[in-house]
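Number of protein chains: 2
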Amino acid sequence: MRERILDVALELFSEQGYEKTSLREIAQKLGVTKAALYFHFEHKEDIFLELHLRLHALGREAFDELESLHDGQQRADAWPHVLDHFIDQLIGNRDLLLLHVRNPNALDQLAHNERHQAENEDIQQQMGRLLASPDIPLAQRVRMACSIGAVIGVIIGAGGVFSDVSSAELAALVRDAARDLLFVPGQP
Amino acid sequence: MRERILDVALELFSEQGYEKTSLREIAQKLGVTKAALYFHFEHKEDIFLELHLRLHALGREAFDELESLHDGQQRADAWPHVLDHFIDQLIGNRDLLLLHVRNPNALDQLAHNERHQAENEDIQQQMGRLLASPDIPLAQRVRMACSIGAVIGVIIGAGGVFSDVSSAELAALVRDAARDLLFVPGQP
DNA sequence: GTCTATATTTCGATAGAC
DNA sequence: GTCTATCGAAATATAGAC
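So the sequences go chain by chain: A and B.
So the first sequence is numbered by our numbering: it starts at 1101 and just counts up by one.
So the second sequence is numbered by our numbering: it starts at 1101 and just counts up by one.
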């Protein structure tokens, strides 16, 4: 039951937004009552947290690989390859990505959540550390940030303009674009 | 007063999100009561709409210039130059952009708003028409979408990592990156 | 584990005095 | 233009029976 609740919540939170989705609505879609949900989750926020941790787990793999390198420039060099893998992960979990992009404020609420603070090595923090790394040239860090925005923008963006393009073809095109973006002219 | 309401609303909607910001909160920050707001705006949604139309006005200039060109390939060629101008506009109105990125569901609500439907030539629609244009190669359209995501991602993204970089320098770096991104290898 | 029933709070919106 | 006072709806969350 717990998984079914999470699946329905993911769907509704992504479609309508976290705040506009009531527990009553989730329960109705599952054919149970609101009170039944409270047996499995103490607060509404806990449902969102559990879904957030799924993305957390997804991204951890990529960023752990980067942080295993001890030099900033090494990390910057490895970035294109790691991003390729990250693109695949995100395209394979479009719905999870959509949940986060469409509910940034719900994400902020988790900052005050004890369980979330315990799970410290957050994707956002890891990404922040990387993009703030002082031993990577600014121009390159900006382009790394651009590459993330570009990938996310295409996957979720423009309101499904590329929905008739296969995931594989889209991934390949985005990979090529990211590669050109990440090559900084005049840098060794 | 009307402008003061809009300014406070822009601030709170961006910080906390549209749904989580009550009219009572806006009124309190202005030193008036909730009821006073209803003299200036009939519904809460109308406040958000008015703010949305500010961005609408901003983007219209750029997209009108593109749509004045009658050929798809001409539009694609003009895109880098138009994007440059668009980057300046967005950086100069960071708060307005943040409002929209952080409240996608509030934006969706406007679709059912009559006044919004009347204001038809919407940015999203114009952007959609451009990115769906059949006489621009798919690879190029994907890169155009990437460029938008890259720009927005850097301006609002990564939680203020580049906040110590001046707007002018950041804009220049993003412009360069976008230019490299938009050049499609093997295309005339 | 799920139910009914209810407590409690907060929100958007309105009525009418000033 | 702004106030006080209030309505009605809907939300989260809880209590206790089954």
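Backbone N, C-alpha and C fix where the C-beta goes; we use that ideal spot for every residue, glycine too.
Problem - Closest by C-alpha distance to E1142 of chain A, when choosing among A:R1154, A:A1157, A:L1123, A:R1160 - result: Counted from its first residue, the first sequence places residue 1142 of chain A at position 42. Ranking A:R1154, A:A1157, A:L1123, A:R1160 by CA distance to the CA of E1142 of chain A puts A:L1123 first.
Handout entry: Unbroken stretches of the alpha helix (DSSP H), 4 residues or longer, contained in the region 1185-1224 of chain A
Key = If one requires a minimum length of 4 residues, the alpha helix (DSSP H) runs lying completely within the region 1185-1224 of chain A are 1194-1202, 1204-1209, 1214-1218, in chain order.
Handout entry: Residues of its chain near A1211 of chain A, where Cβ-Cβ distance is below 8 Å and the 5 sequence neighbours each way are ignored
Key = Locating residue 1211 of chain A in the first sequence gives position 111, counting from the first residue. Taken in chain order, the residues that qualify are Q1217.
Practice task
Compare the beta carbon distance of V1201 of chain A and I1248 of chain A with 9 Å and say whether it is the shorter of the two.
Solution key: For the purposes of this step, residue 1201 of chain A is identified with residue 101 of the first sequence, where counting begins at 1. For the purposes of this step, residue 1248 of chain A is identified with residue 148 of the first sequence, where counting begins at 1. Not closer than 9 Å, so no.
Practice task
Pick helix, strand or coil for V1182 of chain B, following the three-state DSSP scheme.
Solution key: Looking up residue 1182 of chain B in the second sequence gives position 82. Assigned with DSSP and collapsed to three states, V1182 of chain B falls in helix.
Handout entry: Whole-angstrom distance between L1106 of chain A and D1171 of chain A, CA atom to CA atom
Key = Looking up residue 1171 of chain A in the first sequence gives position 71. Looking up residue 1106 of chain A in the first sequence gives position 6. Those two C-alpha atoms are separated by around 39 Å.
Problem - A1197 of chain B to A1272 of chain A span [Cα, whole Å] - result: Within the second sequence, numbered from 1, the residue matching residue 1197 of chain B stands at position 97. Within the first sequence, numbered from 1, the residue matching residue 1272 of chain A stands at position 172. According to the sequence provided, residue 1197 of chain B is Leu. The question's Ala does not apply to it. Using only the alpha carbons, I get a separation of about 29 Å.
Exercise for the section: Go ahead and label N1220 of chain A buried or exposed: buried means 16 or more other beta carbons lie within 10 angstroms of its beta carbon, across all protein chains shown. Expected result: Position 120 of the first sequence, counted from the start, is the residue given in the question as residue 1220 of chain A. Only exposed fits N1220 of chain A, as fewer than 16 other CB atoms lie within 10 angstroms of its CB.
Problem - R1241 of chain B beta carbon less than 9 Å from that of A1250 of chain B - result: Your numbering for residue 1250 of chain B matches position 150 in the second sequence. Your numbering for residue 1241 of chain B matches position 141 in the second sequence. Not closer than 9 Å, so no.
Handout entry: Touch test, the region 1277-1286 of chain B against the region 1127-1134 of chain B, Cβ-Cβ under 8 Å, three pairs minimum
Key = The region 1277-1286 of chain B makes no contact with the region 1127-1134 of chain B, as fewer than three CB pairs between them are under 8 Å.
Handout entry: Contacts of D1280 of chain A in chain B (Cβ-Cβ under 8 Å)
Key = For the purposes of this step, residue 1280 of chain A is taken as the residue at position 180 of the first sequence. The contacting residues are D1280, L1281, F1283, P1285.
Exercise for the section: Taking 9 Å as the cut-off, decide whether the C-beta atoms of E1119 of chain B and E1119 of chain A are in contact. Expected result: Translated into positions along the second sequence, residue 1119 of chain B becomes position 19. Translated into positions along the first sequence, residue 1119 of chain A becomes position 19. Their beta carbons are under 9 Å apart, which means E1119 of chain B touches E1119 of chain A by this criterion.
Problem - C-beta neighbour in chain A for R1241 of chain B, strict 9 Å - result: Along the second sequence, one-based indexing puts residue 1241 of chain B at 141. Yes, because at least one Cβ of chain A sits closer than 9 Å to the Cβ of R1241 of chain B.
Exercise for the section: Quick one: give me the first and last residue of the alpha helix (DSSP H) that F1139 of chain B is part of. Expected result: Locating residue 1139 of chain B in the second sequence gives position 39, counting from the first residue. It spans 1134-1140 - the alpha helix (DSSP H) in which F1139 of chain B sits, taken as one unbroken run.
Practice task
Please decide whether S1105 of chain A counts as near chain B, where near means a Cβ-Cβ distance under 9 Å.
Solution key: Mapped onto the first sequence, residue 1105 of chain A falls at position 5. The question names Ser, yet the displayed sequence has Ile at residue 1105 of chain A. The Cβ of I1105 of chain A sits no closer than 9 Å to any Cβ of chain B.
Problem - Buried/exposed call for S1168 of chain A, threshold 16 Cβ in 10 Å - result: By one-based count along the first sequence, residue 1168 of chain A stands at place 68. Classification of S1168 of chain A: exposed, given that the 10 Å Cβ count is below 16.
Handout entry: Neighbour-count burial assignment, L1110 of chain B, 16 or more Cβ in a 10 Å radius
Key = Within the second sequence, numbered from 1, the residue matching residue 1110 of chain B stands at position 10. With 16 or more other Cβ atoms within 10 Å, it is buried.
Practice task
Provide the residue span of the alpha helix (DSSP H) that contains D1107 of chain B, from first to last.
Solution key: One-based indexing of the second sequence puts residue 1107 of chain B at position 7. For D1107 of chain B, the enclosing alpha helix (DSSP H) has its first and last residue at 1102-1116.
Problem - Limits of the alpha helix (DSSP H) - the one that S1122 of chain B falls within - result: On the second sequence, residue 1122 of chain B is found 22 positions in, with the first residue counted as 1. For S1122 of chain B, there is no enclosing alpha helix (DSSP H), as DSSP marks it with neither H nor E.
Problem - Counted within 10 angstroms of its Cβ, other Cβ atoms place R1175 of chain A as buried (16 or more) or exposed - result: In the first sequence, the residue the question calls residue 1175 of chain A occupies position 75. With 16 or more other Cβ atoms within 10 Å, it is buried.
Exercise for the section: Could you list the residues in the region 1209-1240 of chain A with a C-beta less than 8 Å from some C-beta on chain B, going in chain order? Expected result: Those residues of the region 1209-1240 of chain A placed with their C-beta closer than 8 Å to a C-beta in chain B are Q1224, M1227, G1228, L1231, A1232, L1238, A1239, ordered along the chain.
Practice task
Determine whether the Cβ of R1194 of chain B lies closer than 9 Å to any Cβ atom of chain A.
Solution key: Here the question's residue 1194 of chain B lines up with position 94 in the second sequence. Any Cβ of chain A closer than 9 Å to the Cβ of R1194 of chain B would place that residue at the interface, and such an atom is absent.
Practice task
Determine the direct distance from the alpha carbon of D1276 of chain B to that of H1181 of chain B, and round the result to whole angstroms.
Solution key: Looking up residue 1181 of chain B in the second sequence gives position 81. Looking up residue 1276 of chain B in the second sequence gives position 176. Their Cα atoms are separated by approximately 12 Å.
Problem - Cα-Cα separation, C1246 of chain A to A1135 of chain B - result: As a position in the first sequence, residue 1246 of chain A is number 146, starting the count at 1. As a position in the second sequence, residue 1135 of chain B is number 35, starting the count at 1. As the crow flies, the alpha-carbon of C1246 of chain A is around 44 Å from that of A1135 of chain B.
Practice task
Kindly list, in the order they appear in chain A, the residues whose Cβ is closer than 9 Å to that of Q1116 of chain B.
Solution key: Within the second sequence, residue 1116 of chain B is the residue found at index 16, counting from 1. In chain order: N1205, D1208.
Exercise for the section: Measure the alpha-carbon distance for R1243 of chain B versus M1101 of chain B and round it to whole angstroms. Expected result: One-based indexing of the second sequence puts residue 1243 of chain B at position 143. One-based indexing of the second sequence puts residue 1101 of chain B at position 1. Approximately 43 Å between the Cα atoms of the pair.
Practice task
Identify, in the order they occur along the chain, each residue of the same chain with its Cβ nearer than 7 Å to the Cβ of E1125 of chain A, setting aside the five sequence neighbours on each side.
Solution key: Numbered from 1 along the first sequence, position 25 holds the residue referred to as residue 1125 of chain A. Excluding sequence neighbours, E1125 of chain A sits near L1112.
Practice task
Step through the CB atoms of chain B and report whether any lies within less than 9 Å of the CB of V1132 of chain A.
Solution key: In the first sequence, the residue the question calls residue 1132 of chain A occupies position 32. For V1132 of chain A, the nearest beta carbon of chain B is not closer than 9 Å to its own beta carbon.
Problem - Q1225 of chain A versus R1194 of chain A - alpha carbon distance - result: What you label residue 1225 of chain A is simply residue 125 of the first sequence in a count that begins at 1. What you label residue 1194 of chain A is simply residue 94 of the first sequence in a count that begins at 1. The alpha-carbon of Q1225 of chain A is positioned some 21 Å away from that of R1194 of chain A.
Problem - Test: D1164 of chain B CB closer than 9 Å to a CB of chain A - result: Locating residue 1164 of chain B in the second sequence gives position 64, where the first residue counts as 1. Not an interface residue.
Practice task
Work out the CA separation of A1239 of chain B and V1265 of chain A for me, nearest whole Å.
Solution key: Translated into the one-based positions of the first sequence, residue 1265 of chain A becomes position 165. Translated into the one-based positions of the second sequence, residue 1239 of chain B becomes position 139. If I take the Cα positions, the gap works out to 11 Å.
Practice task
Check whether the Cβ atoms of F1186 of chain A and G1228 of chain A sit closer than 9 Å, and answer yes or no.
Solution key: The residue labelled residue 1186 of chain A in the question sits at position 86 within the first sequence. The residue labelled residue 1228 of chain A in the question sits at position 128 within the first sequence. No, these two residues do not count as a Cβ contact at 9 Å.
Handout entry: Reference P1237 of chain A, options B:A1268, B:F1262, B:D1184, closest by Cα
Key = Position 137 of the first sequence, counted from the start, is the residue given in the question as residue 1237 of chain A. Nearest of B:A1268, B:F1262, B:D1184 to P1237 of chain A, Cα basis: B:F1262.
Problem - Member of B:S1267, B:L1153, B:L1207, B:L1166 whose CA lies at the smallest distance from the CA of G1117 of chain B - result: For this step, residue 1117 of chain B is matched to residue 17 along the second sequence. Selected option, being the one with the closest Cα: B:L1207.
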